[in-house]
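Chemist:
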Amino acid sequence: MPTLTLTTEQIIDLIQQLPLKEKRIILLELVKETETQRQERLDYGESQLRRLCNERGINWNTLSDEEREDFINDLIHEDRPCIQ
1 MPTLTLTTEQ IIDLIQQLPL KEKRIILLEL VKETETQRQE RLDYGESQLR RLCNERGINW
61 NTLSDEERED FINDLIHEDR PCIQ
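Residue numbers (UniProt numbering): 1 to 84.
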């Protein structure tokens with residue numbers, strides 16, 4: 001099957017010609033994809049935080065929300081002393 005190559009501008013022009021209902025369907029599909037990518041990034045970030053906690057002998061699951069925030073803050077600022 002041949003492949004059709006379009007520029008971004010051409011795609012936008014084609015979408016703009018669609019009825020509103022069809023535009024909405026396209027938008028919802030794009031949002032689903034974005035949400036999936038967002039969840040993948042969140043899962044990856046959490047796995048990295050769990051790994052860093054484990055390396056420091058800390059159990060991520062037992063930390064309160066405030067302790068988790070403190071842990072992340074300490075990670076962000078570990079290269080400089082925190083002002084108390």
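By construction, the Cβ of each residue, glycine as well, lies at the ideal position given by its N, Cα and C atoms.
Out of curiosity, what's the CA-to-CA distance linking ARG50 and ILE58?
Modeler: Rounded to whole angstroms, ARG50 to ILE58 spans 9 Å at the Cα level.
Chemist: What would DSSP say about THR5, mapped onto helix, strand or coil?
Modeler: Three-state DSSP puts THR5 in coil, outside helix and strand.
Chemist: So, helix, strand or coil for SER47, using DSSP?
Modeler: Reduced to three states, the DSSP call for SER47 is helix.
Chemist: Within the continuous alpha helix (DSSP H) that includes GLU67, where are the two ends?
Modeler: Counting along the chain, the alpha helix (DSSP H) containing GLU67 begins and ends at 65-76.
Chemist: Roughly how many angstroms separate the alpha carbons of THR36 and LYS23, rounded to a whole number?
Modeler: C-alpha separation (whole angstroms): 20 Å.
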